[in-house]
Amino acid sequence: MKWLARPRKKLLVSIDWVDVPQLHCLVLAARLRGRSLPLLWAVGLHALAHGHPRQWCSNNRPESCSLFTISRIMLGRLKLAAPRLMSDGRSSVQTGDRSGPKDLDRLGRKRYRTFLSRHGARSCWPGDAEMFPTGSHQRRGRQLSKRTVLYDRHVALGGRMVDFHGWALPVQYEGILAEHRHCRSSACLFDTSHMGQIIIRTGDPQAVGRVTTQDAARLKVGRAKYGFLLNEAGGIIDDTVLMRIADGEFMLVVNAATASGDFEWLSGHLRRKAELIDQSAAGWGKVDLQGPLAGQVLAGLTDADLRDLGYFQVTRAAVCGRQCILSRTGYTGELGYEIYAPGETISDIFDEILADGRVKPAGLGARDSLRLEMCYPLHGQDIHDQVNPLEADLGSFLESRHEYIGSAALARIAETGPARKLIAFTTRGRRRARPGDEIRHAGQASGTVTSAAFAPSLDVSIGMGYVASRLAEPGTAVTIAGARAEIPAVVADKPIYKQGTCRTKEIL
Numbered sequence: 025m026k027w028l029a030r031p032r033k034k035l036l037v038s039i040d041w042v043d044v045p046q047l048h049c050l051v052l053a054a055r056l057r058g059r060s061l062p063l064l065w066a067v068g069l070h071a072l073a074h075g076h077p078r079q080w081c082s083n084n085r086p087e088s089c090s091l092f093t094i095s096r097i098m099l100g101r102l103k104l105a106a107p108r109l110m111s112d113g114r115s116s117v118q119t120g121d122r123s124g125p126k127d128l129d130r131l132g133r134k135r136y137r138t139f140l141s142r143h144g145a146r147s148c149w150p151g152d153a154e155m156f157p158t159g160s161h162q163r164r165g166r167q168l169s170k171r172t173v174l175y176d177r178h179v180a181l182g183g184r185m186v187d188f189h190g191w192a193l194p195v196q197y198e199g200i201l202a203e204h205r206h207c208r209s210s211a212c213l214f215d216t217s218h219m220g221q222i223i224i225r226t227g228d229p230q231a232v233g234r235v236t237t238q239d240a241a242r243l244k245v246g247r248a249k250y251g252f253l254l255n256e257a258g259g260i261i262d263d264t265v266l267m268r269i270a271d272g273e274f275m276l277v278v279n280a281a282t283a284s285g286d287f288e289w290l291s292g293h294l295r296r297k298a299e300l301i302d303q304s305a306a307g308w309g310k311v312d313l314q315g316p317l318a319g320q321v322l323a324g325l326t327d328a329d330l331r332d333l334g335y336f337q338v339t340r341a342a343v344c345g346r347q348c349i350l351s352r353t354g355y356t357g358e359l360g361y362e363i364y365a366p367g368e369t370i371s372d373i374f375d376e377i378l379a380d381g382r383v384k385p386a387g388l389g390a391r392d393s394l395r396l397e398m399c400y401p402l403h404g405q406d407i408h409d410q411v412n413p414l415e416a417d418l419g420s421f422l423e424s425r426h427e428y429i430g431s432a433a434l435a436r437i438a439e440t441g442p443a444r445k446l447i448a449f450t451t452r453g454r455r456r457a458r459p460g461d462e463i464r465h466a467g468q469a470s471g472t473v474t475s476a477a478f479a480p481s482l483d484v485s486i487g488m489g490y491v492a493s494r495l496a497e498p499g500t501a502v503t504i505a506g507a508r509a510e511i512p513a514v515v516a517d518k519p520i521y522k523q524g525t526c527r528t529k530e531i532l
């Protein structure tokens with residue numbers, strides 16, 4: 025660490041390097057030698073984001089650091105210190121006055137989480153995700169209840185583990201920006217084993233179609249379709265992908281946070297009409313190979329002819345010599361394949377794919393920024409059971425040829441049109457909005473931000489949120505009421521990133 029004395033008792037702090045496996049965040053102080061220091065600069069955060077040491081800036085000036093420089097962070101009266109994990113698993117900071125470690129949980133969660141969000145915590149995954157040192161699997165002294173079968177591999181690869189709906193998952197390895205850009209240019213491998221896999225075996229496909237928006241009876245074997253589980257009011261219980269893997273067998277892929285609830289909901293509605301198997305609970309895992317080179321990488325590892333496997337198609341195939349379910353789907357906007365297999369099998373597949381030098385592992389952070397550039401909604405954040413598909417601008421995914429739970433309510437809403445709509449927006453400059461920020465038009469409150477992040481592919485800050493339907497037209501100027509200032513923004517066309525390769529026919 026270096027302290028720089030400035031004229032008139034102005035003090036700035038700079039960081040030579042950051043040992044990321046040991047320092048999971050930087051806690052900045054507001055007092056030095058008894059003097060109040062309310063304004064601090066944190067620099068060298070490129071190292072924090074990318075996971076390797078780096079000189080903090082040029083010319084000994086914190087202002088010259090161009091990547092991930094955070095300024096004007098107010099954290100009360102702590103002294104500069106490196107965070108560590110207390111013996112009971114709580115986050116703490118060792119203060120300079122030798123008074124012992126300070127429990128950050130007692131310092132004010134709002135301030136602590138605001139700081140974490142500046143490192144991508146809140147923008148990278150929904151809810152109150154908390155960051156932990158590499159290898160930690162505790163939260164406030166309690167071990168996380170769920171680990172994927174690939175947990176040990178993530179730790180060995182240097183993955184920074186976080187709590188995601190009770191699962192210990194990596195938010196990043198090398199760094200969110202690096203992983204994002206590598207996925208756009210080459211290929212990345214994601215562990216998505218936390219997602220639910222529900223096998224539905226039935227001789228009555230129409231029964232499945234009555235509980236999902238996807239018309240299961242018309243869905244051909246080897247095809248997949250995006251859709252929803254809705255309540256009677258048309259609210260989105262979950263967004264799903266329904267795959268028909270055999271004549272009388274379907275697989276429904278659901279979100280981790282709603283997986284158990286979805287299984288119970290389906291069991292209640294399909295009683296005596298279908299056999300349901302919770303495949304994820306039976307130990308199956310899932311990995312996603314995504315990126316423009318994904319086809320080239322996978323072609324040498326599978327017996328499936330990838331040229332015949334079109335977008336949103338699915339097949340049973342051998343990958344790395346092991347039987348699995350393979351679909352050409354994804355959540356990044358790039359050419360991608362999702363591989364479903366039993367636990368031990370998915371571990372071997374994960375290792376063999378990563379042995380290819382063109383592939384890098386990627387975490388939740390890159391997955392979130394990639395999906396946000398494509399304007400893919402995140403359940404629990406952009407969509408939930410109080411939002412219907414018409415409001416979420418997802419009406420194109422609804423089937424009009426069959427009735428399902430919630431279809432009558434949606435028909436009534438469609439007659440007058442939804443009062444609000446989910447929009448995408450870009451902001452001017454790199455300053456970004458935060459989930460929960462107010463969206464204003466002509467000085468009047470009009471809606472709320474639901475997702476926001478910096479878009480590495482476009483070098484702008486982007487987001488999504490709900491506004492009055494009359495303001496949903498692309499090009500409409502709006503303002504985001506941030507915590508410290510109003511941020512000019514404009515409603516954008518979807519998707520914001522338009523060079524994705526997910527539908528490409530040039531597989532190899």
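Position 385, counted from 1, in the sequence shown is what the working numbering calls 409; the numbers after and before it change by one each time, with no gaps.
Just so it is clear, CB atoms sit at the ideal spot from N, CA and C, and this is done for glycine as well.
The structure presented is a predicted model; accordingly, all values stated were derived computationally and were not measured.
CA-to-CA distance, residue j to residue i, given in whole angstroms
i	j	result
Ala-341	Thr-326	7 angstroms
Ser-217	Gly-441	38 angstroms
Ala-211	Asp-392	16 angstroms
Glu-203	Arg-436	44 angstroms
Arg-296	Arg-458	46 angstroms
Leu-402	Leu-290	21 angstroms
Trp-191	Ile-222	18 angstroms
Phe-374	His-465	48 angstroms
Asp-271	Thr-226	9 angstroms
Pro-480	Ala-501	23 angstroms
Asp-332	Pro-366	25 angstroms
Asp-176	Phe-188	17 angstroms
Gly-2	Thr-472	Here the chain covers residues 25 to 532 and nothing more, so residue 2 does not appear.
Gly-183	Pro-194	5 angstroms
Lys-518	Phe-478	16 angstroms
Ala-241	Ala-416	26 angstroms
His-293	Leu-434	20 angstroms
Tyr-400	Met-488	10 angstroms
Cys-526	Ala-306	30 angstroms
Gly-419	Gln-523	23 angstroms
Ile-531	Pro-229	32 angstroms
Arg-444	His-178	41 angstroms
Ile-370	Gly-467	53 angstroms
Arg-455	Val-484	8 angstroms
Ala-438	Ala-248	26 angstroms
Arg-205	Leu-495	32 angstroms
Asp-302	Val-173	16 angstroms
Arg-208	Ser-493	32 angstroms
Ser-424	Ser-304	31 angstroms
Lys-529	Phe-336	13 angstroms
Gly-246	Arg-352	11 angstroms
Thr-503	Ala-509	10 angstroms
Gly-388	Gln-196	Checking the sequence, you will find Leu at residue 388 rather than Gly. Distance between the alpha carbons of Leu-388 and Gln-196: 7 angstroms.
Arg-346	Asp-372	9 angstroms
Pro-413	Ala-390	26 angstroms
Rounded Cβ spacing between residue i and residue j (contact assumed at less than 8 angstroms)
i	j	result
Gly-259	Val-491	In fact, because the Cβ distance is near 19 angstroms, the residues do not count as touching under 8 angstroms.
Ala-280	Gly-220	7 angstroms
Tyr-250	Val-265	6 angstroms
Phe-274	Ala-386	Incorrect: roughly 29 angstroms between the Cβ atoms, too far for contact.
Leu-350	Val-338	7 angstroms
Cys-348	Glu-376	Contact flag wrong, Cβ pair sits at about 12 angstroms.
Same chain, Cβ closer than 6 angstroms to residue i, neighbours up to 5 away in sequence not counted
i	result
Ser-90	Residue placement at Ser-90 cannot be trusted, given a pLDDT of 35 that sits under 50; what the coordinates show is reported in the next sentence. Counting only Cβ-Cβ distances below 6 angstroms, and skipping sequence neighbours, we find nothing.
Glu-299	Arg-225
Lys-384	His-206 and Cys-212
Gly-151	Residue placement at Gly-151 is poorly supported in this model, since its pLDDT is 33, which falls under 50; the coordinates still yield a value, given next. No residues qualify anywhere along the chain.
Contacting residues, own chain, Cβ-Cβ under 7 angstroms from residue i (five flanking each side not counted)
i	result
Gly-499	Val-514 and Val-515
Glu-462	Ala-469, Thr-472 and Ala-505
Ala-180	none
Tyr-364	Gln-221, Trp-308, Lys-310, Cys-348 and Ile-349
Cβ shell of residue i (< 8 angstroms), same chain only, five flanking positions each side left out
i	result
Ile-261	Phe-252, Leu-253, Leu-254, Asn-255, Thr-282, Gly-285, Asp-286, Trp-289 and Asp-409
Tyr-521	Gly-357, Glu-397, Met-398, Ala-479, Ser-481 and Leu-482
Asp-406	Ala-416, Leu-446, Thr-474, Ser-475 and Met-488
Pro-316	Arg-208, Ser-209, Ser-210, Ala-211, Glu-358, Leu-359, Thr-525 and Thr-528
- Task: Within the segment 488–515, note down every full beta strand (DSSP E) run reaching 3 residues or more, in order along the chain.
- Result: Runs found: 501–505.
Report task. Inspect the CB distances between the segment 417–432 and the segment 226–238 and report whether three or more fall short of 8 angstroms. Result -> Taking 8 angstroms as the limit for Cβ pairs, the verdict is that the segment 226–238 does touch the segment 417–432.
field: Cβ pair count under 8 angstroms reaching 3, the segment 301–319 against the segment 343–358
entry: The segment 301–319, when compared against the segment 343–358, does touch it at the 8 angstroms Cβ threshold.
Unbroken stretches of the beta strand (DSSP E), 3 residues or longer, contained in the segment 350–431:
When DSSP assignments are scanned along the segment 350–431, the uninterrupted stretches of beta strand (DSSP E) that are 3 or more residues long and fall wholly within it turn out to be 360–366 and 383–385.
Q. Taking contact to mean at least 3 C-beta pairs separated by less than 8 angstroms, is the segment 241–261 in contact with the segment 443–454?
A. No, the segment 241–261 does not touch the segment 443–454.
Original post:
What residue ranges within the segment 245–307 form continuous beta strand (DSSP E) runs of no fewer than 3 residues, ordered along the chain?
Top reply: Qualifying beta strand (DSSP E) stretches, in chain order: 248–254, 260–270, 273–278 and 299–302.
**Study point:** Runs of alpha helix (DSSP H) lying entirely within the segment 173–230, each at least 4 residues, in chain order
**Key:** Those alpha helix (DSSP H) runs which fall completely within the segment 173–230 and span 4+ residues are 175–180 and 200–209.
What are the complete beta strand (DSSP E) segments, minimum 3 residues, inside the segment 446–490?
As far as the segment 446–490 is concerned, its whole beta strand (DSSP E) runs of at least 3 residues are 462–465 and 468–479.
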